[in-house]
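Okay, so here's the structure we're looking at.
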Amino acid sequence: MFATTYAKQVALAAALVWAGASASQATTYTVFDDVAGGRADFDATATAAGGTVKVDTWTSLSSGTLIDRGDYTITRNNGGFLSSTTYGDLSGKVTDISPARNNGGSDVGVRTKPLDYFNSGVTLTFDTAINAIGFEVGDWATCCFDPVTELFISFDGGTPQTVASASTAADGLFPSQKTSSRSVNEIFVGAFDDTGSFKSISFWGNGLGEYLVFGGEVRYALIDEGGLPPVAPVPLPASALLLAGGAGALALVRRRRKAA
């Protein structure tokens, strides 16, 4: 059993994002947590909002420039080759999305706009529209804070939204889904949009020099429009808040789970 604490609050876990007027830039709720906790939260939220969660565990993953998973395809944002590997305790195979600048350059003490790193990521394109998506990420925030390492998501090619930001290695540590007493660099990322739907999601990072993997197990659903309960603002210490640009203001707080 886990108890949620705020001993090491940083800008990471759950966010309510207020964005533009289009469906792909509407109010979006994103979840960032340990794999077991994030997966449970995603399933409970999607089910309560009228959705049926579909799960695709990457027990095997082909290679190529386009990988067909039945309900969706996987492509690299730069059109390049995809291959698979394993990582730690993640649920299935993963693919390497180690960050790089589109122009092959480097950063010196500052990060530029999210789309400058877009080509190193991946895009999932679905056959039918969804509005809830979740997946696993490994080896994030192990290094390369210049001054931060961040993760981004966009829907249907819309404005990038910041999922997480870390400035120290401790920011990326969460309990392993297999051994909860052991901290690992393995996370679950989820996103919901009950004001519309989307058919593609893109995901990437900007931590130049870090190894970053994506996949494991993909969860997705089509929830009812307006099905998510309203989220009341929760007062948080100033140290736990981060204001980020792009689609809108993100108020993020990382949830640290420790054994009770």
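The opening position of the sequence shown corresponds to residue 23 in our numbering, with each subsequent residue numbered one higher.
Note that CB positions come from ideal geometry on N, CA and C, so glycine has one too.
Predicted model, so just to flag it, every value in this text is computed and none were measured.
Residue i to residue j span [Cα, whole Å]
i	j	result
leucine 250	leucine 244	12 Å
phenylalanine 1	serine 189	No answer is possible for residue 1: it lies beyond the span of the chain, which begins at 23 and ends at 282.
valine 132	glycine 229	11 Å
valine 12	aspartate 216	Because the chain spans 23 through 282 in this model, residue 12 falls outside it and cannot be assessed.
tyrosine 139	proline 182	11 Å
leucine 234	asparagine 207	10 Å
aspartate 90	aspartate 149	11 Å
glycine 180	lysine 221	12 Å
lysine 280	phenylalanine 196	Its pLDDT being 29, under 50, lysine 280 is placed unreliably by the model, and the measurement read from it follows with that caveat. The alpha-carbon atoms of lysine 280 and phenylalanine 196 are separated by roughly 9 Å.
alanine 62	aspartate 55	10 Å
leucine 88	phenylalanine 103	8 Å
glycine 227	proline 121	5 Å
aspartate 193	valine 185	13 Å
proline 13	threonine 67	As displayed, the chain neither begins before 23 nor continues past 282, which places residue 13 out of reach and without an answer.
threonine 79	phenylalanine 64	15 Å
CB of residue i within 9 Å of CB of residue j, strictly
i	j	result
isoleucine 155	isoleucine 223	yes
threonine 117	leucine 173	no
valine 77	arginine 241	yes
serine 219	alanine 151	yes
threonine 81	valine 75	no
glycine 59	phenylalanine 210	yes
phenylalanine 225	phenylalanine 214	no
glutamate 232	threonine 171	yes
threonine 145	isoleucine 96	yes
asparagine 141	arginine 98	yes
Residue i (DSSP reduced to helix, strand or coil)
i	result
threonine 108	coil
tyrosine 242	strand
phenylalanine 225	strand
threonine 69	helix
glycine 60	helix
glutamine 183	strand
valine 206	strand
phenylalanine 140	helix
threonine 81	coil
aspartate 129	coil
aspartate 12	Nothing about residue 12 can be reported from this structure: the residues present for the chain run from 23 to 282 only.
alanine 154	strand
valine 75	coil
glycine 4	For residue 4 there is no data in the structure shown, the boundaries of the chain being 23 and 282.
aspartate 161	coil
glutamate 172	strand
aspartate 55	strand
*Say whether the segment 199-216 touches the segment 124-135, bearing in mind that this needs 3 or more beta-carbon pairs closer than 8 Å, one atom from each stretch.*
no
*Do three or more CB pairs link the segment 98-112 to the segment 148-168 at distances below 8 Å?*
yes
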